[in-house]
Structures are given as structure tokens and as C-alpha cells.
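Below: the structure, in C-alpha cells.
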Amino acid sequence: MLDQLLSSLTDGLLLGFVYGLAAMGLSLIWGVMTVINLAHGPVIALGMFGTYLLFSHVGMNPYLALFLVALLGLLSGFLIYGVAVHRVIDAPHLSSLLATFAVNMILIGVGTALFTTSPHNIDYPMGSLQLGSMITIPGTRFIAALGAVAFTAGLYLFLYFSRPGKAIRAVANNRVAAELMGIPSAQVLALSFGIGTMLAAVAGGLISTFFPFTILSGGPYELKSFVICVLGGLGNPLGALLGGLILGGLEGLVPTFMPVSWVPVVEFGLFVLVLLIRPSGLLGAK
Amino acid sequence: MTRRKFPLVLVLVALGLILAVGLVQTGPTSAAGAAKEVVIGFTASQTGKLNVEAIRQINGLNLWVEQVNAAGGVKLPDGTVVKFAAKYYDDESKKERVQELYTKLINSDKADFLISPYSSGLADAAAVIAQQYNKIMITAGAASDSTYKKGYTLIYQTYTPASRYLTGAIDLLAKLDPAAKKVAIVHEKDKFSTDVVNALKAYAESKGYQVVLFEGYEPGTTDFAPFINKIPPGVDAVMGGGHFADTTTFAKQLYEKKLKTKMIALLVAPPEPKFAELGEACISVIGSSQWEPMAKYTAESAKAAGLEWYGPSVADFDSAYKAKFKEEPSYHSAGGYVAGLILQKALAKAGSTDTAKVKEAMDAMNLLTFYGNIKFDTAKAHGLQIGHDMVYIQWQKDAKGKPVKQVVWPEAGKTAGAIVCPVR
Chain Y
51 MLDQLLSSLT DGLLLGFVYG LAAMGLSLIW GVMTVINLAH GPVIALGMFG TYLLFSHVGM
111 NPYLALFLVA LLGLLSGFLI YGVAVHRVID APHLSSLLAT FAVNMILIGV GTALFTTSPH
171 NIDYPMGSLQ LGSMITIPGT RFIAALGAVA FTAGLYLFLY FSRPGKAIRA VANNRVAAEL
231 MGIPSAQVLA LSFGIGTMLA AVAGGLISTF FPFTILSGGP YELKSFVICV LGGLGNPLGA
291 LLGGLILGGL EGLVPTFMPV SWVPVVEFGL FVLVLLIRPS GLLGAK
Chain F
423 MTRRKFPLVL VLVALGLILA VGLVQTGPTS AAGAAKEVVI GFTASQTGKL NVEAIRQING
483 LNLWVEQVNA AGGVKLPDGT VVKFAAKYYD DESKKERVQE LYTKLINSDK ADFLISPYSS
543 GLADAAAVIA QQYNKIMITA GAASDSTYKK GYTLIYQTYT PASRYLTGAI DLLAKLDPAA
603 KKVAIVHEKD KFSTDVVNAL KAYAESKGYQ VVLFEGYEPG TTDFAPFINK IPPGVDAVMG
663 GGHFADTTTF AKQLYEKKLK TKMIALLVAP PEPKFAELGE ACISVIGSSQ WEPMAKYTAE
723 SAKAAGLEWY GPSVADFDSA YKAKFKEEPS YHSAGGYVAG LILQKALAKA GSTDTAKVKE
783 AMDAMNLLTF YGNIKFDTAK AHGLQIGHDM VYIQWQKDAK GKPVKQVVWP EAGKTAGAIV
843 CPVR
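Chains Y and F, in that order, give the protein sequences.
Each residue of the first sequence is one higher than the one before, counting from 51 in my numbering.
Each residue of the second sequence is one higher than the one before, counting from 423 in my numbering.
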């Protein structure tokens, strides 16, 4: 029982880091501009396909490809912001919700036409890591977790120690005041959306190294991102990482005691519970 | 309509036409001069999670259409020469699309006979429509038993049914390690896999095995770690799986997690040549297959068994398929081809394309083909395949260390002895 618990928990927590990274993108966008980005899922899937194409067609190492995917994610974030979000940023929430939903449908449509909905796979084995006699960790998952931590640390350093990062925090805190201080809020909003999209794409790229995927694969991670944001506090990127770990841990723990199909019941049960008891999330919104 | 709007409407109409043409993909049509063209209607999962198996199946079927037409079609006693035309749509591996498209095939495309889509779930959805419109449907790639227990009279199965799909693995396990006791079953929660593992579990228990884990996963699952972690230590065999995409991932993750067991027997994926792309992870994995290119069905073996021989030899099918599609045929390809072959034989025997007469010929059928024995239940489970048997393959290493497929069960047809899973 103990060995099952330990190996299950390890698997879940490693996955949790990647969930956290994906959710951080959603959380950042909400925190800065109170937009619920419904194009989050397809962007994750595009990250998967970006890594896949660079790996299978260009022959690039999938982990190196992630940096290019990050850059492409950032640029497509600017594009989505400029085309669909910027004009409705001050309109009621429903407008931006519908605008990002439209982007979601466009991306899925184009993705289906280009890649079909057949599963794709990045075959780049990284061996397994043996911890004692009980725990075997697939190398790809371990590296993905490390990658997620590295990107989180990068985001943290950027937000707290760089001028544009500080500007993002200022705009998130009080947009009008930030504008009065001479911060160009339009650029800052675009940058935040770009970074949010970049995080989603990178998370997708990391996931693609160990799970097969289709253009629709982003959906479940988008849903998880919502749960994670609510758990950790919508608008708080570090809370998102914590939420990711909690969710991953649950996914590891729950199957030890009950059938695996109960996992979503527990996850979404928790979602509702946190909304009822602590609507601002565990770490509270910033 | 204003003059301004007119070009716009024209463009829209043209676009609509292009789309319609693009959506409808017709297979090779018969040559001119045929007195009668019989339309074979079906849907194929060209996209979606079932695409690997489904594309092989339609390849097989299209090869049959091409060959039967090239050979001059089927000549009926009244002098009519029947040629075949395939008409099909992409069902995107979705049930709701299947029913819509089969209705369209029957009503708009005037399909005379139907072939099922790939997979039990989709075939079951199509069967309702076929029976409703009084059309004979031959199911290919659909092994579930339950479809034939619903009182349908026009649905015929080419595959060995699910209830006999993986039970041989238990017999093989007894041979491989007589001391084996514990079996873990992890399966996809779809119609076909559930039917298979329920029969498997009952069979294993009846043979004195202890089923230590019996759990299903949702179709489309990509993370098998929670299931693999639940497999108790000291398990002798892991069985189950579902379809190609998920089972391949399952096999890969079993390898990555270094699970210690003596035998891994999974559904559908292992017999596919593409399974070898897993490399080291495919070694020792066993799969049950409806057919293998090294199968030993010949005109002589038909004679010995007192059965009628019909259609191409195994070698002829194998080489024609390789020549056309530049790949090894899998049992899905053979299943697609034989579905057409069955229909061809039934039409020739009935001497007519009339549904009632063809049905009579199908009911009386007892053939040996390159794919094996074909005989249908005509009693309670009408249309259920009762003649055909499974073969079990295992991926082993050849002299150069490359994965190679060997038939390891039944004893009579084996090309190599089964090996125990190496320590990973």
C-alpha cells in the first residue's frame, strides 16, 4: 500500500508542476486584465504541435524546441491580444469571454484541418529514474517538472526584478494609477497576454514529451487550469503553482483509495467547495 | 436580389459545391460496360482516435473492390455482370456522425449493401440504421458480441467475437508459467474492450486465476500511471488495453515504469506493424490477432477440414496489399478485404442482389478463406461469427536485435515459442 501511495503521489506531483505552469498563464491574464481566456486550451495544444513539428520535421531536440515554442507563444499571444482582446478589454466580461471563445473555435478548426484529430506522439525516450526499490519515475516526466519549475522561477524573477515585470504588477494592481505614473498600459496588457499565452504553450510542449496528443488535448488542461486558479487564487501566479501541486497530488492520491474514474468527481467537488468557503482561493487574489 | 449581392451568392454557391465535393470521397468506380453497379456504402474513421485501424480496414476493402472489378465482377445466372463501387465518408470516429452518414448512404447514395465502420461502438450505431432500412451490413473491425444479441437479422460479423478475443492468453499463460496465479486487467471502458475483459475475467477465474486488479479507463486516456501504480507487486500477467492509441501508450508507460511481470497481453495494438515503433517497449508484448500474414490457411487445409475454399491465397493478398499500399497488411486490412469477399461470395451464391436471397446465402455460408473460417450463427445470436479463431502474436527480437512479430499461440500454428517478459 505504502509503495503504491508513494509512487502514485510522486507521479501526481510531477504532473502537478506542469499543471501549475499551464494555470499560471490563465491566472496572469486574469490578474492583469480580468479576462477569462477561453483560448487557453487550444494554445496548450498548439504548444504541443509546435514542439512536435520542430522535433519531427526540423529534427530539433524537443527540450530545445521549447524555447522556440515559448517565443512563438509570446508572439501569438500579442496577435490574439491585438486582434480579439484589445478592443473589448473595457467592455463587460461577456464580450472578452466570447472573443476568446471565438479564438478558441478558430484555433481548433484550423488545427483540425491541418493536423486532423488523430493522436500524435513525440518519441524521445529519456529512460527512467529509480528511487529506492519502490519508485520508478519516467525521465520525461521528471524533466518536464524541472522545466516547469525553471519557467516559474523565470516568471517570478521577471515580474519582481525587471522594469516591464514591475509595470505588469503595477497595471494589475491599479491600471489608472499606473497610467498616471506614465506606464503605457496598452503595451503592458499586450505583454501580459503574450506571457500568459507563452506559459500555456510551454506547458503544452512539456506535456507533449510524455503524453500523446491531438488538437483537442488542450481542453482537459484548460479545465484543470480553472480549478487550479480557483484553488490557488485567481490572479496569483504563485498560487497557481501551489494549486497545480495540490491537483496533481490529488490525482496521485485518489486512485490509491478508489477507482481512477472518481478523480474528476473529487477535483471538481473541491472546486465547488473552495468557491463556497474561500472564494479568493488559498493564497488569495493579488 | 440586387445586382451587388449576386456575385456574392454565386461565390457562396460555388464554395458550397466545392465543399460538398470535398466531403464526399468516392472509391474507385467500376469500369464502363457493367450491366449493374452495386454500391457498397460505409463510413471510415479517417480522422480521430481510431484512424490507424480504420484506414487499414478501408485499404483492405478498397483493394477488394479494385480486384473484384478488375477480374470482371460477379456474373449472375441471368447474365448480369455485377460490379462494385465504394461510397464512403469520414465519420471522424464519432458515433453521432455514423448514424447520420449511414442514413445518407442509404437514402441519398442508394447503397445496396453496407460495410460497418471500424470499432464495435460505431458498428453498433450503424447496425440500427442498416436493420431499419432492410440492408445487409457486414461488420468489419467490430468484435463486440452484444450487437448480435439484439434480434437483428441482417448484420453479419467477420471478426472473432469479443467473448473469445483474449481468453487464449490465459491458456498461453498456463503454458508459459504453470505456477502463475495473479492477473491484473486494465481496460478501456468502451463497448468492445468491456465485452472482451468481462469474458476474460470469467474465463481466468474459471481456470483458478486470481484477478488482482480489474479497472477501466476512459477512452482517450493518456496518463496510465495511476493504473500502473495500482498493479500489485508479484503480478504474473497484465492484460487488457483497448484500441491502438491508448494501448500503445499503456505499453509504453508499462515499460517506463519498469513493471515486473511475466506476461503482458493487450488488445488491438500489438498485431499492428506500427506497434514496433515503440522499440524496446514492445518486446515480449503479446496481442491477439484476427489474422496474420504468416497464417496457414490454404486450399489444402480447407479440403482437409471439409470446407469450401474461396478467394485469394494468403500470399496473394499479402503481396497485392504490399504492392498497393507500400506497407505490411495488418488484420484490420485483412478484415476489410474479407468483408467484401464475403459479400462477393454471397452474391455469387444467391445469383441475385436481392436482400432476402443474399441473406439466405449468408446464413448458409461456411467457407475457408485466406483470413480463416467464416460461418455465422443463425440461431439466437444471428450473424455472430462462430467459425473464425484468433491467433496470438508476440514481439520478439530477431538476430539483429530488431523487433519481430512471431505467432506464439495456438500451438499448432506457432512460428516461435512464447518468451517471458524480460526484466526491464
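Ideal Cβ placement from N, Cα and C applies to all residues, glycine included.
Comparing the C-beta of F:Tyr511 with each C-beta of chain Y, is any distance below 8 Å?
It does not; no Cβ of chain Y falls within 8 Å.
Locate the alpha helix (DSSP H) running through Y:Val324, then write down its first and last residues.
Residues Val313 to Ile327.
Measure the CB-CB distance between F:Val608 and F:Val660 and report whether it falls below 8 Å.
Result yes, Cβ atoms of F:Val608 and F:Val660 sit closer than 8 Å.
Decide yes or no for the touch test of the region 764-773 of chain F against the region 584-591 of chain F: beta carbon pairs closer than 8 Å, at least 3 of them.
Contact fails: fewer than three Cβ-Cβ distances are below 8 Å.
Within 10 angstroms of its Cβ, does F:Gly573 collect 16 or more other Cβ (buried), or is it exposed?
When all chains shown are included, F:Gly573 counts as exposed.
List the endpoints of the continuous alpha helix (DSSP H) containing Y:Pro287.
Start and end: Pro287 to Phe307.
Under the rule that 16 or more other beta-carbon atoms within 10 Å means buried, what is F:Asn529, buried or exposed?
Exposed, by the Cβ-count rule.
With H, G and I counted as helix, E and B as strand and the rest as coil, what does DSSP make of F:Tyr578?
The answer is strand: DSSP assigns F:Tyr578 an E or B state.
Secondary structure at Y:His107, three-state DSSP: helix, strand or coil?
Coil.
Judging by CA-CA distance, which residue of Y:Gly123, Y:Leu96, Y:Phe128 and Y:Val315 is the nearest neighbour of Y:Ala236?
It is Y:Phe128.
What do you get for F:Met559, buried or exposed, if any count of 16 or more other CB atoms within 10 angstroms of its CB means buried?
F:Met559 should be labelled buried.
In angstroms, rounded to a whole number, what distance separates the CA positions of F:Leu445 and F:Glu514?
Caution is warranted here: a pLDDT of 43 is assigned to F:Leu445, below 50, making its placement in the model unreliable, and the coordinate value is therefore given only provisionally. Looking at the two C-alpha atoms, the distance is approximately 12 Å.
Given this structure, state the Cα-to-Cα distance separating Y:Val11 from Y:Gly123, to the nearest angstrom.
Here chain Y comprises residues numbered 51 to 336, so residue 11 of chain Y is not present and cannot be evaluated.
Since F:Thr469 meets chain Y, which of its residues come closer than 9 Å, beta carbon to beta carbon?
Here the neighbours are Thr162, Thr166, Thr167 and Ser168.
Quick check on Y:Ser106 - is its C-beta less than 8 Å from some C-beta in chain F?
Not closer than 8 Å to any Cβ of chain F, the Cβ of Y:Ser106 fails to qualify, so no.
Strictly below 8 Å CB to CB, what residues from chain B border Y:Thr186?
Absent here is chain B; the protein component of the structure consists of chains Y and F.
Going along chain Y, which residues have a C-beta under 7 Å from F:Phe649?
Those within 7 Å of F:Phe649 in chain Y are Val310.
For F:Gly805, does the three-state DSSP call read helix, strand or coil?
Three-state DSSP puts F:Gly805 in coil, outside helix and strand.
How is F:Ser568 classed by DSSP in three states: helix, strand or coil?
Residue state, collapsed to three classes: helix.
Could you tell me the boundaries of the alpha helix (DSSP H) in which F:Leu498 lies?
Element bounds for F:Leu498: n/a, residue is neither H nor E.
Secondary structure at F:Cys843, three-state DSSP: helix, strand or coil?
F:Cys843 falls in the coil class under three-state DSSP.
Any idea if F:Ser752 is buried or exposed, counting beta-carbon neighbours within 10 angstroms, 16 or more meaning buried?
Buried is the call here.
Is F:Thr670 helix, strand or coil by DSSP?
F:Thr670 falls in the helix class under three-state DSSP.
Using beta-carbon positions only, say whether F:Thr777 and F:Leu769 come within less than 8 Å of one another.
Contact: no.
Answer with buried or exposed for Y:Thr186, where buried requires no fewer than 16 other C-beta atoms within 10 angstroms of its C-beta.
Burial call: buried.
Hey, out of F:Ser615, F:Thr837 and F:Ala547, whose CA is closest to F:Glu714's CA?
Residue F:Thr837 is the option with its Cα nearest to F:Glu714.
What's the call for F:Asp811, buried or exposed, on a 16-neighbour Cβ count within 10 Å?
It counts as exposed.
In chain order, what residues of the same chain have a beta carbon less than 7 Å from the beta carbon of Y:Leu63, not counting five sequence neighbours either side?
Closer than 7 Å at Cβ, skipping near neighbours: Leu295, Gly298, Gly299 and Gly302.
Could you confirm whether any beta carbon from chain Y is found closer than 8 Å to the beta carbon of F:Thr671?
Yes, contact with chain Y.
Can you tell which of Y:Val82, Y:Gln54, Y:Met110 and Y:Leu65 has its C-alpha closest to the C-alpha of Y:Leu284?
Here the closest residue by C-alpha is Y:Val82.
Just list the residues that DSSP pairs F:Phe464 with in beta bridges.
Note: F:Phe464 sits in a beta bridge opposite F:Tyr510.
For the region 278-305 of chain Y, enumerate the residues whose C-beta is nearer than 9 Å to any C-beta of chain F, in chain order.
Answer in chain order: Glu301, Gly302, Val304 and Pro305.
So, using beta-carbon positions, are F:Gly563 and F:Tyr581 closer together than 8 Å?
Yes, they are a contact pair.
Determine the closest residue to Y:Gly255 out of Y:Tyr131, Y:Leu71 and Y:Leu55, with distance taken between C-alpha atoms.
It is Y:Leu71.
Which one of Y:Ala250, Y:Val324 and Y:Ile257 has the shortest CA to CA distance from Y:Val337?
Absent from the structure is residue 337 of chain Y, since the part of chain Y shown begins at 51 and ends at 336.
So, with DSSP's three-state summary, where would you put F:Ala659?
Looking at F:Ala659 - three-state DSSP - the assignment turns out to be strand.
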